[in-house]
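> Here it is, the structure, as structure tokens.
Residue numbers (our numbering), protein chains in the order written: chain E, 1 to 504; chain Y, 1001 to 1504; chain F, 2001 to 2504.
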């Protein structure tokens, strides 16, 4: 679900079969390889789950000086294979670009299905559809139709091709399709439902684009806001008392829930964790939730871990706020926390332990907010949808602090937690180098200025001061530098003239 | 209802009686006239409805080479007359500036009345007031009081005089006045109602200005948001159970509406189209709606066409969502779509056929949203007002796409669909010319830079690179250019010196 | 409650005991002192309430030429004492910086308690706590816990130290703590309540920071929005029907209130004014309200006056809108108007009589809005909190006008009305001087440019024009100036060459 596309990026660490890619890779990691030219594994990726995704391919096999053992080779091959199916499967995406259009569309739809959980991976999408079919075929069909038409609509409306290919226009579609089916009171296989489903899915890209115009001012993603808006729109526009598209009846609580702590079912509380993950797609089958966890693990173990933590936090919050046990077992306290915990825990922030704590805090806040929003929305006969997630995640992304251990990634660089981490580390290194260089640079300029101050070009210097005051930041500095250079040029010119005069 | 004023613009195409204007006009259309110096009709306006508003006046009559026939003369006079009463009547506005203040105020009030439909035309305003009087005199009085006091308040609060003169501070006032009378439960001619009416109207400019501060960040107009906020404020602050200002009772639907398709009255469905237009001002009389259509046609046929389309779309949506027939006949499904369709269809976007489709889509979305908002607001005993229109139009104006056939006009250039189109075409032409020129320019600079690269001024070049990296965009380029020029100057200086040395 | 910290400012007007401060002060008022070196009172502060806060201390006593009389000395000492305890007590804050951490924390907590009313003064905070204890000890304890933990949380989350020291992270905490206790249905001394109290208070800085990210785009403060959000969150998440944290039952009005004008109790109406001020902290005891007024007066008489006016306006509005008398007596119509009137009347705008009228208008608008929001929120079983104040004050701060008598202070310069006024006056003087200087400067440049136009450097001039068009504002001008200077340099260089040539 993250921001703009990242298809322009060079698929990294794969070099065996794709000779075209080798060169790009070579240039990317050149500096590193220059330092460690003989290592079999020049750029091992460090990931949260201990999984190593780097691959060596031809470079390693070409092994100019060291001959790799059989074990090393096997490991290398395994890692290579992993790199193909984990993360955001960029090699596959690159390969897809040359394929038949319908095949591409399928790739986008599958990525869209997975993007609900911020996963940009068609394999995860396939696994998720499997889980949906296990839950309910009619729902799965509606979800597929929703994703498909949302993607098609984005194509018609000429949205960014990169974003479409990353599934960023599909995830709202699948949720719209699924949840319209889930909350319909007309029963399964009521084929007319496909009509508003298609209309609403096709409206998704418009609402997404409009919201992005607003949110981009704060470099924020739109999350599932378009889904929330459109499903609520459909449900409240038709309502429970409607001839064509009746909705399930949702009413506010008007009496004390019957809660006896002796009756709590610990086993059910534990299954509430996968059920909570399943409820992200409106599914209450714990097996479906388990399948979704597998889908997450394929792409990013960090995401999977935070999803589990989030669901557990939601369950605990439900108990703390004296929620009816049925709601907790049903996963209604979990799904928002799942999404919030994933979003904050490594997706939009670079994962440090402070960010990890922040993600857990956000999950608690989200649970609280979830209860509040559910109560408010029930007044209008509406479910809470994923409003609590959106609002809590946006709040925690808008939050600013003076510490530099909580680093919010620029939206354009958001990928998946493991790669975000690498981006963060590289940036830190670069920043450090730049800071050192700048210090040296500044010293140099200061020295030069000092020198110039010795001269008696009073007028010029005063004007420069003036420029310094007015031009703020970078421009001011640059203009300042230029002024200094001008003076140098003048000196050169005058020097030439005077030397010539001497010659004469 | 569009954004800032446009009174500074030069009234175009009129040159007969206003000799002072002739010169300005001459300079404006100079390039065009140079190409076609002998044509009788140098700048015919192309409008959607086939109406030609251009005027020739003295230029044509002075006819230096071609002697116009009687027919041509008659046509010219007709067009001239049309140009006086259609569009935004700028000649009249210009003439008004020199009149008595109360007369000016009347002009502003009339324009304010018409600006509800985005029409900046006092004649349309007059026709609209006639329609209102036909509907209900008490309502018309309240509407007039609202417009008047909103305009006066804007004057006191020292808002932009241009915006006031365009009626942009009046249209919320007329709606506040009218709808407070419509929703009052105290019956007609309850004179105390004028008190909150005046208070609320006078608050309009404050709320308008505040909202404009927010919306201007995205170059969006405030639409009728101030009216929506203030009428809802008044209604919910007092409520149905109030001693002083009771409101009509609005309650949420709690059972299935009784809809029998056999009972549908096709004639009434057709009258629902003008009634829907009438409901923009809270009027359910189809004749009043018809009069409003005339008012729209006077100023802009495109606006009138989109209003009709919008109302029809709303009616169809009502049928599709199984709304009670009475609500459809009463025009409640139409008025928001009317406004949304006008706003998108040529008012804030330049009209192309893609924009026309977008306007229809927006009308459908607006109808859906209207149903949703009406249901939500009824929980608080509130009507939907024009919230659905505001929200849907804002969404569709925030929407961005990569196609260049959907062009959103800068808010400061919004006038009426016909003139917007002309602005769009001119801009396109200008852009094309600029692009070509820039290409040539860039080539030139590239060539010069290439040349300079041959020299061995290593230090200077490196610094220039540095400047290129830091200064982004325009500044960077300019500074770059300046650096290059500096070098040229140095060459000149050194050349002079060396030539002199040779002379010596 | 105003924006960023102001701890970097130099405590002014105090020079007697703090020798370290003397020097800073000396440099600040140097220019002024140079002009009036012998005056006993070099920088008398002008305040709205006629109170003179300036201090003379050693400077006065050192009295180089004029020997002050005993009376003058006494007055000086009194003013000095006043300057220590009024305003924002900056000398005290400065002194606190060197103290034990827990003492500092206490200072911050006390300032936080007073910041609810925009007062940054620990003494006022102490008085307010006294008022709270008089009202209800359990509430006072909850308020203290809330402030304390909100401040601690801000420290943990590494928020701006200056803002924390000004109590800007505490005021939402005290309101959260107090109102959660006030609206709890579990009775006083229900110790479990401290748990959600601490959790919600600690969330305050996160929500504050997130909202500040949004509001800072319009240079707006966050007011009590975090408190509103979090208390509503807690109340609606638990609700009336909750086992752990039940809330008081709030229901919408469903019948006509029984209002007999003969029964109105004028004495009670008058006590409604201090009660309204007390209701800012949820207190209905008129004595508590009176104590709060004293707390306001200590820091800023202007604030105190506007608080009283606001409360009176609220009471009158309640009568005008036919509110039940009990609600008016209970101060429910007053507290929002109190805050709105303080915020507009001199706190965020510089106080002129136009701003004074605006503040009263805002108070009326706030009362209206208060009634509306109370009715809407009651649907969800929620109180109005201070939403009406926040929304009305934000609206009136977003409002723009072309008059220069309504001057909105930059958020970073907001202090207390008296100092804001001084800032405003200084700025006006500075602006006037700058304008005059600029005019002179521009004339000079124009003359120079005119001169240059005489030369035949066609190419350069055209490029300069080009630069003028592209570079907008300051950059454009600077670059322009530089270009002109370049030419001058060229002239110098060429002049040197030619003069040399002549010499040869």
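Just so you know, even glycine gets a beta-carbon here, dropped at the ideal spot from N, CA and C.
(1) From residue 2284(F) to residue 2202(F), what does the alpha carbon distance come to, in whole angstroms?
(2) Helix, strand or coil for residue 2171(F)? Go by DSSP, reduced to three states.
(3) Under 9 Å between C-beta atoms, does residue 2151(F) make it to chain E?
(4) Can you list the residues of chain E that residue 2236(F) reaches, using a CB-CB cut of under 7 Å?
(5) Shorter than 8 Å, the distance from the beta carbon of residue 266(E) to the closest heavy atom of the ligand NAP, or not?
(6) How many Å lie between residue 99(E) and residue 171(E) at the Cα?
(7) Taking residue 2401(F) as the query, report the chain Y residues whose CB atoms sit under 8 Å from its CB, ordered along the chain.
(8) Find the nearest neighbour of residue 119(E) within the set 193(E), 166(E), 142(E), judged by alpha-carbon distance.
(9) Give me the DSSP bridge partner(s) of residue 1408(Y).
(10) If you draw a straight line from the C-alpha of residue 2189(F) to the C-alpha of residue 2195(F), how long is it?
(11) Using CA atoms only, rank isn't needed, just tell me which of 299(E), 162(E), 443(E) is closest to residue 87(E).
(12) What does the Cβ neighbour count give for residue 2187(F), buried or exposed, with the cut at 16 atoms within 10 Å?
(13) Indicate whether the contact test is met: 3 or more Cβ pairs, each with one atom in the segment 2247-2265 of chain F and one in the segment 2283-2297 of chain F, closer than 8 Å.
(14) Taking all protein chains shown into account, decide if residue 162(E) is buried (16 or more other Cβ within 10 angstroms of its Cβ) or exposed.
(15) If the criterion is Cβ atoms closer than 9 Å, does the pair residue 1397(Y) and residue 372(E) meet it?
(16) With DSSP as the reference, label residue 2184(F) as helix, strand or coil.
(17) Taking the alpha-carbon positions, what's the residue 433(E) to residue 304(E) distance?
(18) Apart from the five residues on each side of it in sequence, which residues of its chain come closer than 8 Å, Cβ to Cβ, to residue 322(E)?
(19) Per the DSSP calculation, residue 2247(F) is bridged to which residue(s)?
(20) Does the distance from the C-beta atom of residue 1333(Y) to that of residue 1276(Y) stay below 9 Å?
(21) Please name the residue, chosen from 2427(F), 2073(F), 2236(F), that lies closest to residue 2183(F) on a Cα-to-Cα basis.
(22) If we define contact as Cβ-Cβ less than 9 Å, is residue 2212(F) a contact residue for chain E?
(23) Quick check: the segment 1204-1224 of chain Y against the segment 1259-1270 of chain Y, are there 3 or more CB pairs under 8 Å?
(24) Return the chain-ordered list of same chain residues with a C-beta closer than 7 Å to the C-beta of residue 369(E), the five sequence neighbours on each side being excluded.
(25) Residue 954(Y) to residue 2185(F), Cα distance in whole Å?
(26) Keeping to the same chain, check which residues put their C-beta closer than 7 Å to that of residue 1198(Y); ignore five residues upstream and five downstream.
(27) Over the uninterrupted alpha helix (DSSP H) stretch that includes residue 329(E), give me the two end residues.
(28) Apart from the five residues on each side of it in sequence, which residues of its chain come closer than 6 Å, Cβ to Cβ, to residue 2310(F)?
(29) Do you know how far the Cα of residue 2360(F) is from the Cα of residue 1442(Y)?
(30) Suppose you measure from the CA of residue 1075(Y) to the CA of residue 1085(Y); what does that come to, to the nearest Å?
(31) Residue 2242(F) CB to nearest chain E CB: under 9 Å?
(32) List, in chain order, every chain F residue whose beta-carbon is nearer than 8 Å to that of residue 1239(Y).
(33) Can you give me the C-alpha to C-alpha distance between residue 1273(Y) and residue 1297(Y), rounded to a whole angstrom?
(34) Straight-line CA distance for residue 234(E) to residue 2128(F)?
(35) Could you list the residues in the segment 315-337 of chain E with a C-beta less than 7 Å from some C-beta on chain F, going in chain order?
(36) From this set, 2365(F), 2374(F), 2329(F), which residue's C-alpha is nearest residue 2271(F)'s C-alpha?
The relevant details are as follows:
(1) The residue you call residue 2284(F) lines up with position 284 of the third chain. The residue you call residue 2202(F) lines up with position 202 of the third chain. Roughly 27 Å separates the two Cα atoms.
(2) The residue labelled residue 2171(F) in the question sits at position 171 within the third chain. Residue state for residue 2171(F) is assigned as helix, using DSSP reduced to three classes.
(3) As a working mapping, residue 2151(F) is identified with position 151 in the third chain. No - not a single Cβ of chain E is within 9 Å of the one on residue 2151(F).
(4) Position 236 of the third chain, counting from 1, holds the residue named residue 2236(F). The contacting residues are 372, 375, 376.
(5) The ligand NAP is not part of this structure, which contains no ligands at all.
(6) For this step, residue 99(E) is matched to residue 99 along the first chain. For this step, residue 171(E) is matched to residue 171 along the first chain. Straight-line measurement puts the Cα of residue 171(E) at about 23 Å from the Cα of residue 99(E).
(7) As a working mapping, residue 2401(F) is identified with position 401 in the third chain. Around residue 2401(F), the beta-carbon contacts reaching into chain Y at under 8 Å are 1157, 1158, 1159, 1209.
(8) Looking up residue 119(E) in the first chain gives position 119. Looking at the Cα atoms, 166(E) is the closest of the given residues.
(9) For the purposes of this step, residue 1408(Y) is taken as residue 408 along the second chain, with counting starting at 1. The partner list for residue 1408(Y) (beta bridge, DSSP) reads 1349(Y).
(10) Along the third chain, read from residue 1 onward, the residue named residue 2189(F) stands at position 189. Along the third chain, read from residue 1 onward, the residue named residue 2195(F) stands at position 195. Their backbone Cα atoms lie some 13 Å apart in a straight line.
(11) For the purposes of this step, residue 87(E) is identified with residue 87 of the first chain, where counting begins at 1. Checked all of 299(E), 162(E), 443(E); the closest Cα to residue 87(E) is 299(E).
(12) Position 187 of the third chain, counting from 1, holds the residue named residue 2187(F). Around the CB of residue 2187(F), fewer than 16 other CB atoms lie within 10 Å, so the residue is classed as exposed.
(13) The segment 2247-2265 of chain F makes no contact with the segment 2283-2297 of chain F, as fewer than three CB pairs between them are under 8 Å.
(14) In the first chain, the residue the question calls residue 162(E) occupies position 162. It is exposed - the Cβ of residue 162(E) has fewer than 16 other Cβ atoms within 10 Å.
(15) For the purposes of this step, residue 1397(Y) is taken as the residue at position 397 of the second chain. For the purposes of this step, residue 372(E) is taken as the residue at position 372 of the first chain. For the 9 Å CB-CB criterion, residue 1397(Y) and residue 372(E) do not form a contact.
(16) Against the third chain, residue 2184(F) aligns to sequence position 184. Under the three-state reduction of DSSP, residue 2184(F) is assigned to strand.
(17) Counted from its first residue, the first chain places residue 433(E) at position 433. Counted from its first residue, the first chain places residue 304(E) at position 304. Each residue's Cα considered, the two are about 34 Å apart.
(18) Taking the first residue of the first chain as position 1, residue 322(E) is located at position 322. Excluding residues within five positions, the ones whose Cβ falls inside 8 Å are 257, 259.
(19) Stepping through the third chain from its first residue, residue 2247(F) is reached at position 247. DSSP output for residue 2247(F) lists 2184(F) as bridge partner(s).
(20) Start at 1 with the first residue of the second chain, and residue 1333(Y) comes out as number 333. Start at 1 with the first residue of the second chain, and residue 1276(Y) comes out as number 276. Yes. Within cutoff.
(21) As a first step, residue 2183(F) is located in the third chain; it is residue number 183 there, counting from the start. Nearest of 2427(F), 2073(F), 2236(F) to residue 2183(F), Cα basis: 2236(F).
(22) Your numbering for residue 2212(F) matches position 212 in the third chain. Closer than 9 Å to some Cβ of chain E, the Cβ of residue 2212(F) qualifies, so yes.
(23) Taking 8 Å as the limit for Cβ pairs, the verdict is that the segment 1259-1270 of chain Y does not touch the segment 1204-1224 of chain Y.
(24) On the first chain, position 369 is the one that residue 369(E) refers to. For residue 369(E), where only same-chain residues beyond five positions count, the Cβ hits under 7 Å are 388, 391, 392.
(25) There is no way to answer for residue 954(Y), as the model of chain Y reaches only from 1001 to 1504.
(26) What you label residue 1198(Y) is simply residue 198 of the second chain in a count that begins at 1. Shown here for residue 1198(Y): same chain residues with a beta carbon closer than 7 Å to its own, the five before and five after excluded, namely 1145, 1149 in chain order.
(27) Residue mapping note: residue 329(E) aligns to position 329 of the first chain, counting from 1. From DSSP, the alpha helix (DSSP H) with residue 329(E) extends over 325-329.
(28) Here residue 2310(F) refers to the residue found at position 310 of the third chain. Contacts found: 2337, 2338, 2341, 2363.
(29) For this step, residue 1442(Y) is matched to residue 442 along the second chain. For this step, residue 2360(F) is matched to residue 360 along the third chain. The alpha-carbon atoms of residue 1442(Y) and residue 2360(F) are separated by roughly 59 Å.
(30) As a working mapping, residue 1075(Y) is identified with position 75 in the second chain. As a working mapping, residue 1085(Y) is identified with position 85 in the second chain. Cα to Cα, residue 1075(Y) sits roughly 16 Å from residue 1085(Y).
(31) Looking up residue 2242(F) in the third chain gives position 242. At a cut-off of 9 Å between beta-carbon atoms, residue 2242(F) makes contact with chain E.
(32) As a working mapping, residue 1239(Y) is identified with position 239 in the second chain. What residue 1239(Y) touches in chain F: 2253, 2375.
(33) Looking up residue 1273(Y) in the second chain gives position 273. Looking up residue 1297(Y) in the second chain gives position 297. When rounded, the distance between both Cα atoms is 16 Å.
(34) Reading the first chain from its first residue, position 234 is the one you call residue 234(E). Reading the third chain from its first residue, position 128 is the one you call residue 2128(F). So the two alpha carbons sit approximately 50 Å from each other.
(35) Against chain F - using a Cβ distance shorter than 7 Å - the residues of the segment 315-337 of chain E are 321, 322.
(36) Position 271 of the third chain, counted from the start, is the residue given in the question as residue 2271(F). Among 2365(F), 2374(F), 2329(F), the Cα nearest to that of residue 2271(F) is on 2329(F).
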